[in-house]
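Protein sequences appear in the order of chains A and B.
Counted from 1, the first sequence has number 936 at position 236 by my numbering; the numbering is strictly sequential.
Counted from 1, the second sequence has number 784 at position 236 by my numbering; the numbering is strictly sequential.
Virtual Cβ for every residue (Gly too), placed ideally from N, Cα, C.
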Amino acid sequence: MKTISGQNKAYKVLSIVILVVLAILFLFPLYWIVTGAFKPATDIYATKPVWTPSEWVSTNFENLFNRRSAPLFEIFGLQGPTVPAAFRWLINTVFMAVVAMILTCITAAMAGYALAKKRFRGRAILFGLIVCAMALPKQVILIPLLREMSDLHLYDTLWAVIFPTVGWPFGVFLMKQFSESIPGEILEAARVDGSSELRTFATIVVPMIKPGIGALAIFTFINSWNDYFMQLIMLSSGSNFTISLGIATLQAETTIDMGMLMAGAALAAIPIIVVFLVFQKYFTQGITMGAVKG
Amino acid sequence: MCPFPVHSGEGAPPYSENSMIREGCSGLAKQNQPAMGRALQRRENINGYLFMLPSLVFFVGFVIIPMFICIFNSLTDANMRDSAVHFIGLNNFVNLWQDKTFLEALKNTFIIVVVSVPTVCAFSLWVASAIYKLKGPVLSTFRCIFYLPVVTGSVAVTVVWKWMYDNYTGIFNAVLKGAGLIDKNINFLGDSRFALWCIILILFTTSVGQPIVLYVSALGNVDQSLVEASRVDGATGLQVFWRIKWPQMMPTTLYILVITTINSFQCFALIQLLTQGGSGTNTVMYYIYYTAFKLTEQSGHFGYANAMGVMLAVFIAILSAVQFRLAKEK
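(1) Report yes or no: do three or more beta-carbon pairs, one from the segment 678-690 of chain B and one from the segment 738-747 of chain B, lie closer than 8 Å?
(2) I want to verify the contact list: residues of chain B whose CB lies under 8 Å from the CB of residue 715 of chain A, in sequence order.
(3) Does the contact criterion of 3 or more C-beta pairs under 8 Å hold for the segment 851-866 of chain B versus the segment 619-637 of chain B?
(4) Report the three-state DSSP secondary structure of residue 779 of chain A (helix, strand or coil).
(5) Taking residue 858 of chain A as the reference, give the member of A:889, A:924, A:766 with the closest Cα.
(6) To which residues of the same chain is residue 573 of chain B closer than 8 Å at the C-beta, ignoring the five residues directly before and after it?
(7) Within a Cβ cutoff of 8 Å, which residues of the same chain sit near residue 816 of chain B, ignoring the five residues on either side of it in sequence?
(8) Please confirm whether residue 797 of chain B has its beta-carbon closer than 8 Å to some beta-carbon of chain A.
(9) With DSSP as the reference, label residue 742 of chain B as helix, strand or coil.
(10) My output table needs one value for residue 632 of chain B: the three-state DSSP class, helix, strand or coil.
(11) Does the beta carbon of residue 876 of chain B sit closer than 8 Å to a beta carbon anywhere in chain A?
(12) Quick one: measure Cβ to Cβ for residue 723 of chain A and residue 660 of chain B, integer angstroms, because I've assumed they're closer than 8 Å.
(13) Starting from residue 770 of chain A, follow its DSSP beta bridges and name the residues at the other end.
(14) Run through DSSP, which three-state label would residue 857 of chain A get?
(15) Kindly identify the DSSP beta-bridge partner or partners of residue 804 of chain A.
(16) For residue 859 of chain B, count neighbouring Cβ atoms within 10 angstroms of its own Cβ and tell me buried if that reaches 16, exposed if not.
(17) Below 8 Å CB to CB, which residues in the same chain sit around residue 910 of chain A once its five sequence neighbours on both sides are set aside?
(18) What are the residues in the segment 597-614 of chain B lying within 9 Å of chain A by C-beta distance?
(19) Taking 8 Å as the CB-CB cut-off, is residue 958 of chain A touching chain B?
(20) How would you list, in chain order, the residues of chain B whose beta-carbon sits under 9 Å from the beta-carbon of residue 810 of chain A?
(21) Which residues of the segment 837-849 of chain A have a Cβ closer than 7 Å to any Cβ of chain B? Give them in chain order.
(22) Tell me which residues share the same chain as residue 733 of chain A and place their Cβ nearer than 7 Å to its Cβ, disregarding the 5 neighbours each side in the sequence.
(23) List the residues that DSSP assigns as beta-bridge partners of residue 801 of chain B.
(24) Show which residues of chain A have a CB atom less than 8 Å away from the CB atom of residue 832 of chain B.
(25) Quick check on residue 929 of chain A - is its C-beta less than 8 Å from some C-beta in chain B?
(26) My output table needs one value for residue 624 of chain B: the three-state DSSP class, helix, strand or coil.
(27) Is it a yes or a no for the segment 891-903 of chain A touching the segment 834-848 of chain A, going by three-plus beta-carbon pairs under 8 Å?
(28) Since residue 933 of chain A and residue 846 of chain A are thought to touch, with beta carbons under 8 Å apart, how far apart are those beta carbons, to the nearest angstrom?
(29) Report yes if the CB atom of residue 982 of chain A is closer than 8 Å to the CB atom of residue 915 of chain A, and no otherwise.
(30) For chain A, check one thing: does any of its Cβ atoms lie closer than 8 Å to the Cβ of residue 665 of chain B?
(31) Which residue spans inside the segment 786-845 of chain A form an unbroken alpha helix (DSSP H) run of at least 4?
(32) Step through the CB atoms of chain B and report whether any lies within less than 8 Å of the CB of residue 994 of chain A.
(33) Which of the three DSSP states, helix, strand or coil, is assigned to residue 912 of chain A?
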């Protein structure tokens, strides 16, 4: 008995040690981005790795900002002041991710509620179609999507990235899972009280599926921020780039200035990591709920 | 991709069964009040579709229609130069199997899938079982750290790994040299002996986050009374794991297998940013992109590229079906 618990203890200690080592390895690329962004050139090009910057400098960011410029915004032909392109890319990315998130949450919550609670005809077929579409590789449809967007005169606009993200049926599926748990009696009572359908949805359904909406919002935001392939295909002019696409382009132009690339990578990664850490609560909630549902 | 165990395929049947039972009930209720039935059904139809409408516009417009165009185009010679489109039957699919580049890309894609899917599953299962009993804040810290590469985004991750693999200033070369394992710097991404494995390593670090989150919640949901009972009967830790916990986590495992397979098949950003398909790292997804969009001699062959896309979808469907089968047998 004693040996077993002793073995157990040794195993536990060993596994914690391995976990910590793994965690350090997983954090290392991020550490390397952040320190690299502030390292002077001599550290970057040293053949022996410089683990911490010998001096924290902002030259990498200056190089990044001086390299390209773009108007801060363009709305109906109105141009903002000229700023480093990286700022414009960040604004574009935030706009894209926020709009995609809002549209996805609204449409998916409505559709999920309908699929879960409304007994309309063709419901089963629709749901089947949604499940099938989810299992297909998303990238495969990008070529026809590109031509469709250019026919709609949306090619090289952020909408060409936003609309397909909203159309992706995962959100509907998730919202259906969450809406299943709404008791039918409450909805029935609201109807008897003369509440309109939209009112019932807004005042009863939405508050009940809030954790699900929170989870969907954070996932849509992160996925849309990082969906590099879609951005690469749909956007072509520098002032419409997202931050990922901008950094990728710089990377193709210069493979030498690693410091500048790290500054760009930091600019692309830090905001989304902060968003993730701040909204983690919804994230974990959504997962536990989703797991119980699944 | 989502980290929820939604079991797109297998989760569906019990679900629809549930709703069928419920539908049956409401059907019975309707029979009790036949006068209301038809008006009620009509109201449900109208309201249902009104609520579905906003979502359907996007779903049909930007998923279903392109999907059908993709299948249709795969049977044509659609391309960038010639606006006339000719129906050529299954020619594209026949040509694929004589295309050396495609076969090579297919081989690489399968290597990636075969290597990364089992390692991702095993690794995330181990990490999850090592952390799921830890205290709340510690657990969420570990979960966060392993999820960070996913959040960081493929471009930022790729850019830093490219530097780490670099021939002259990369940290891998420096460390290996410092440890005396190599005397000459290795050009990791330029050498066909290493390049694909380098890419698989990056793919691995960006793939384990979601499975770990899923396994942690699955382990937390295991029926504790069964675990306790088997402990009382004298089962060892390993026995408890394989006999009690593992079977209960099967749906989660299946879901993880399917999403990891799909992710590995679609490995694109890493290839495009690191090697552009060189040094023996071409994959089907990259070749599709190359055929359709890269400005080269044979660019803009949408029909051919679409045929590859359809093939890819077929492979993924077959593999998913096989995984379902295997999981069911167990």
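Based on what the coordinates show:
(1) no
(2) 678
(3) yes
(4) strand
(5) A:924
(6) Here residue 573 of chain B scores only 40 on pLDDT, less than 50, and its place in the model is too uncertain to base an answer on.
(7) 831, 833, 834, 837
(8) no
(9) coil
(10) coil
(11) no
(12) Actually they do not touch by this definition, with Cβ atoms about 25 Å apart.
(13) A:783
(14) coil
(15) The partner list for residue 804 of chain A (beta bridge, DSSP) is empty, contrary to what the question assumes.
(16) buried
(17) none
(18) 597, 598, 599, 600, 601, 602, 603, 604, 605, 606, 607, 608, 609, 610, 611, 612, 613, 614
(19) yes
(20) 598, 599, 600, 601, 602, 603
(21) 837, 839, 840, 841, 843, 844, 845, 848
(22) 962, 965, 966, 969
(23) Answer is none; residue 801 of chain B lacks a bridge partner.
(24) Correct list: empty, because the minimum Cβ distance to chain A is about 10 Å.
(25) yes
(26) strand
(27) no
(28) 6 Å
(29) yes
(30) no
(31) 823-835
(32) Any reading at residue 994 of chain A is ruled out, since the residue's pLDDT is 40, under 50, leaving its predicted position unreliable.
(33) helix
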